[in-house]
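A.B. asks: As numbered in the numbering used here, residues 192 to 323 make up the sequence shown, in order. Beta carbons are placed, not taken as given, at the ideal position from N, Cα and C, and that holds for glycine.
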Amino acid sequence: MSIRPDVSEEQVGAALQRMAAASAQMGSETGATAGVFGRDYGDTFDFAAVSQIADLAAYEAMMNHPAHLEVDRIGLPLVDRFHSIDITDDPDPEIGAKIADIHRRRFDAHPDILGLVDAIDDYRGSGVTERL
Numbered sequence: 192m193s194i195r196p197d198v199s200e201e202q203v204g205a206a207l208q209r210m211a212a213a214s215a216q217m218g219s220e221t222g223a224t225a226g227v228f229g230r231d232y233g234d235t236f237d238f239a240a241v242s243q244i245a246d247l248a249a250y251e252a253m254m255n256h257p258a259h260l261e262v263d264r265i266g267l268p269l270v271d272r273f274h275s276i277d278i279t280d281d282p283d284p285e286i287g288a289k290i291a292d293i294h295r296r297r298f299d300a301h302p303d304i305l306g307l308v309d310a311i312d313d314y315r316g317s318g319v320t321e322r323l
């Protein structure tokens with residue numbers, strides 16, 4: 192993700208602190224087995240996150256966890272570019288549709304999150320609303 196140029200360092204710092212706390216909380220409560228969040232030095236983005244998740248149930252739990260939703264509500268308004276990449280070794284030919292269904296259910300349950308995502312200038316990935 193990249194941060195909008197009008198966002199202050201204080202806003203970014205506060206969002207990063209909340210993300211770190213949320214990540215620690217969600218891992219123990221959702222089944223996310225590993226993860227890292229930090230600065231992205233390999234592209235034109237400011238930050239990146241990688242999560243390792245055991246299965247689709249854990250992914251859906253993480254995406255809808257109250258701490259994740261809070262981070263979305265705090266952080267997404269600060270972002271101008273967000274690219275979400277889902278990588279899996281699951282051989283199920285329907286896995287892409289199942290991941291999209293998780294996003295669809297999430298947006299149905301939390302329309303304010305959908306509004307925040309739709310407001311991002313450049314949002315790409317499995318949660319892109321035109322693809323759901």
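Using the Cβ count rule (16 or more neighbours within 10 Å means buried), how would you classify G306?
C.D. replies: By the neighbour-count rule (16 or more Cβ atoms within 10 Å), G306 is not buried but exposed.
A.B. asks: Would you kindly work out how many angstroms separate the C-alpha atoms of S199 and E220, rounded to a whole number?
C.D. replies: Using only the alpha carbons, I get a separation of about 32 Å.
A.B. asks: By the three-class DSSP mapping on this structure, what secondary structure does R195 have?
C.D. replies: Residue state, collapsed to three classes: coil.
A.B. asks: Among the residues of its own chain, which have a CB less than 6 Å from the CB of I290, if the five just before and after it don't count?
C.D. replies: So the qualifying residues of the chain are D277, S317.
A.B. asks: Is it right to say E201 is buried, meaning 16 or more other beta carbons lie within 10 angstroms of its own, or is it exposed?
C.D. replies: By the neighbour-count rule (16 or more Cβ atoms within 10 Å), E201 is not buried but exposed.
A.B. asks: Is R297 buried or exposed, if buried means 16 or more other CB atoms sit within 10 Å of its CB?
C.D. replies: It counts as buried.
A.B. asks: Count the other CB atoms, across all protein chains shown, that sit within 10 Å of the CB of E251; report buried if there are 16 or more and exposed otherwise.
C.D. replies: Counting Cβ neighbours within 10 Å, E251 comes out buried, since at least 16 surround it.
A.B. asks: Tell me the residue span of the alpha helix (DSSP H) that contains Y250.
C.D. replies: Run containing Y250: 247–255, per the alpha helix (DSSP H) assignment.
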